[in-house]
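Here the numbering used here is used: the first residue of the sequence shown is 20, the next is one more, and so on. The beta-carbon is built from N, C-alpha and C at its ideal position, and this holds for glycine as well. In this text the structure is predicted, and so the values were computed from the model without any measurement. What follows is a set of notes on a single structure, which appears directly below.
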Amino acid sequence: MNKYRLFAPGPTPVADEIALEMAGPIIHHRTKEFEKIVAEVRDGLKWLFQTKQEVMLLASSGTGAMESAIINTLNAGDQVIVVDGGKFGERWWKLAQAHGIKPEIIKVPWGEAVDPKEIETRLQTGKYRAVFVQASESSTGVYHPIREIAALTKGREDVLCVVDAISALGAVNLPMDEWGIDMLIAGSQKALSLPPGLAFIALSSKAWKFAESSKLPKFYFDLKRELKNIQTNQSAFTPAISLVIGLRKALEMMREEGLEQLFARHDRLARATREGMKALGLKIYAKVPVNSLTAVQVPEGMDAQKIYKILQDKFNMTIAGGQDAAKGKIFRIAHLGWFDDLDMVTVVGAVELALAELGHKFELGSGVGAVLKVLREKH
Ligand SMILES: *Cc1c(COP(=O)(O)O)cnc(C)c1O
Numbered sequence: 020m021n022k023y024r025l026f027a028p029g030p031t032p033v034a035d036e037i038a039l040e041m042a043g044p045i046i047h048h049r050t051k052e053f054e055k056i057v058a059e060v061r062d063g064l065k066w067l068f069q070t071k072q073e074v075m076l077l078a079s080s081g082t083g084a085m086e087s088a089i090i091n092t093l094n095a096g097d098q099v100i101v102v103d104g105g106k107f108g109e110r111w112w113k114l115a116q117a118h119g120i121k122p123e124i125i126k127v128p129w130g131e132a133v134d135p136k137e138i139e140t141r142l143q144t145g146k147y148r149a150v151f152v153q154a155s156e157s158s159t160g161v162y163h164p165i166r167e168i169a170a171l172t173k174g175r176e177d178v179l180c181v182v183d184a185i186s187a188l189g190a191v192n193l194p195m196d197e198w199g200i201d202m203l204i205a206g207s208q209k210a211l212s213l214p215p216g217l218a219f220i221a222l223s224s225k226a227w228k229f230a231e232s233s234k235l236p237k238f239y240f241d242l243k244r245e246l247k248n249i250q251t252n253q254s255a256f257t258p259a260i261s262l263v264i265g266l267r268k269a270l271e272m273m274r275e276e277g278l279e280q281l282f283a284r285h286d287r288l289a290r291a292t293r294e295g296m297k298a299l300g301l302k303i304y305a306k307v308p309v310n311s312l313t314a315v316q317v318p319e320g321m322d323a324q325k326i327y328k329i330l331q332d333k334f335n336m337t338i339a340g341g342q343d344a345a346k347g348k349i350f351r352i353a354h355l356g357w358f359d360d361l362d363m364v365t366v367v368g369a370v371e372l373a374l375a376e377l378g379h380k381f382e383l384g385s386g387v388g389a390v391l392k393v394l395r396e397k398h
C-alpha cells in the first residue's frame, strides 16, 4: 500500500478543507447565496493580486486567461516582445501568432532568466505594444525579474506588461499595482490548491484603455463584458460554481495565513528542497530559481526520467520530468500551494531512495538531513 502523493507543478494537491467545501450540493448561480460567495471571492482576489482592480474569473484552464489577455487588448499586426525561456514562454508567442500578432522573441537559454536590458533596448525602438513574460517559467523553475520588467513599461502609456503568474501567484510576491503590472494571470490548480478549471486575470487602467481599441474577435473571453458582470457579483455564463465555492475557502485559508507568511513558507520549502538536492550531489537547474518549484539537474549519464518513473511506480508519487530540451536531464519538484515543511522531508527522502536504486553514490539521509537543517530555523 502506498498513499498517493502529488508533487507536480500543477495540478497540485487540493487542501482537505477545500475538497470538503466543494463536496456540498450544487447551488444555482443566479441566487443571493451565490452572489454573496462571489462578493467574498472578489474581495479575496484583490487582496491576493494586491490590486484595486477587479479580478475576473474564467471557467477555463490557465491558457484561456492567457488568450483573453491577447484578444482583449491587441489588434492584428501589432508587434509585441515575448520572453521565451521555456515551454510557457513559447506558449505566449504561439498564442500571439494565432491571432495575427507579430512577436519579437527574446530567446533565453533554458534555465536562465531574461536580462531586462534585452527588453529595454527593444522598447526604445517604440515599435512594441506589449511585453509578455512568465513570473515562474514552470518548465525550467526560473523566476524572471518581473519588478524590473514592469518598471520599464510603467511610465509608458503605449506598452503593456503582461505577466503569466499561473505558477507564481500565491507563492511569490507580485504586487500588481505597486510594480505596475498591466495584466496579471493566475490559475486555480497551482498555488491556490484548487482543482483545475478556473483562470484569473486582472487588468490595470492602462490595459483597460487598450481594450477600448482592441478589435480582435472575442466572444466567450470578452473581458469588458465579464467586468460588468463581476461588478454585480455575476458572470456572463454559468460559472464553475463548485470551484468558486472552493476558491472562497482557499482565499480564506490564505488570508488566515497572511501574505507575508505565505511567501515565507514558500521560500522556506524552496530552500529546503534546493539544499536537500545539493546535499545529494545534484544541481539546481535554474540560475535564478523560483520559490514555487525546483528543477533538479541529474549528473551526466543518469536519466532523470528514471527517477520520475521509480517515484511513480514504486511510491505512487507524482513529480514532473523535463520537457523538450530538458527531457531526461531534469526532474521537477513542486512546493506551491498546499505543502508544508514535512512534505519536503517526504519528497527528498523518496528521491534519495530512487537515487540509491539507480546506483548514485551519496550518503543515504544526507538530503533529508539538509532539509531538516533548513526547517530547523522555524521550529
Ligand atoms: C500551468 C501553467 C500554465 C497554464 O497551463 P494550463 O494547462 O492551461 O492551465 C501557464 N503558464 C505557466 C507558467 C504554468 O505553469
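Local Cβ density within 10 Å of residue i, reported as buried at 16 or more and exposed below that
i    : result
I13  : With the chain represented from 20 up to 398, any question about residue 13 goes unanswered, as that position is not in the structure.
N91  : buried
T70  : buried
D359 : exposed
S157 : buried
S224 : exposed
N21  : exposed
T144 : exposed
T140 : exposed
F229 : buried
Beta-carbon proximity list for residue i, same chain, < 7 angstroms, skipping 5 on both sides
i    : result
S79  : A218
A369 : L330, F334, M336
Q208 : G29, P30, T31, P214, P215
W167 : Checking the sequence, you will find Glu at residue 167 rather than Trp. P135.
F107 : Q153, E156, S157, S158, D183
Cα-Cα separation, residue i to residue j
i    : j    : result
R267 : I260 : 11 angstroms
T159 : L171 : 24 angstroms
L114 : K306 : 27 angstroms
E371 : Q342 : 22 angstroms
V99  : G189 : 27 angstroms
L374 : Q324 : 12 angstroms
H48  : T257 : 7 angstroms
D241 : L278 : 31 angstroms
A389 : I326 : 20 angstroms
L288 : A339 : 17 angstroms
P194 : E376 : 44 angstroms
E312 : A34  : Going by the sequence as given, residue 312 is Leu instead of Glu. Computed Cα separation, rounded: 18 angstroms.
L39  : M363 : 25 angstroms
K380 : P318 : 11 angstroms
A226 : E396 : 42 angstroms
V127 : G104 : 5 angstroms
G386 : G295 : 4 angstroms
W111 : K346 : 21 angstroms
D201 : L222 : 6 angstroms
R24  : D332 : 12 angstroms
V133 : H163 : 6 angstroms
R293 : D322 : 19 angstroms
V101 : E123 : 6 angstroms
D97  : E109 : 18 angstroms
L211 : V60  : 13 angstroms
A269 : T50  : 22 angstroms
I138 : Q250 : 35 angstroms
M41  : L262 : 7 angstroms
Simplified DSSP assignment, three categories, for residue i
i    : result
S224 : helix
M85  : helix
S155 : strand
I338 : coil
Y239 : coil
Q98  : strand
I329 : helix
T140 : helix
I120 : coil
D183 : strand
D103 : strand
T251 : coil
P135 : helix
L77  : strand
K380 : coil
K306 : coil
V127 : coil
Proximal residues to residue i (C-beta, below 6 angstroms), its chain only, five neighbours per side dropped
i    : result
N192 : F282
L64  : V74
V366 : F26, I352
N252 : E54, V57, A58
K302 : Q316
H285 : A190, N310
P308 : G160
8 angstroms CB neighbourhood of residue i in its chain, flanking five on each side removed
i    : result
P236 : I90
E197 : Q69
N248 : S254, A255
G300 : P318, H379, K380, F381
At what residue ranges does the region 22 to 65 contain a whole run of the alpha helix (DSSP H), taking only runs of 4 or more? 35 to 41
Which runs of the alpha helix (DSSP H) at least 4 residues long sit entirely within the region 256 to 295? Give them in chain order. 260 to 276
Enumerate, from N- to C-terminal direction, the unbroken beta strand (DSSP E) stretches of 3 or more residues contained entirely within the region 336 to 374. 349 to 353
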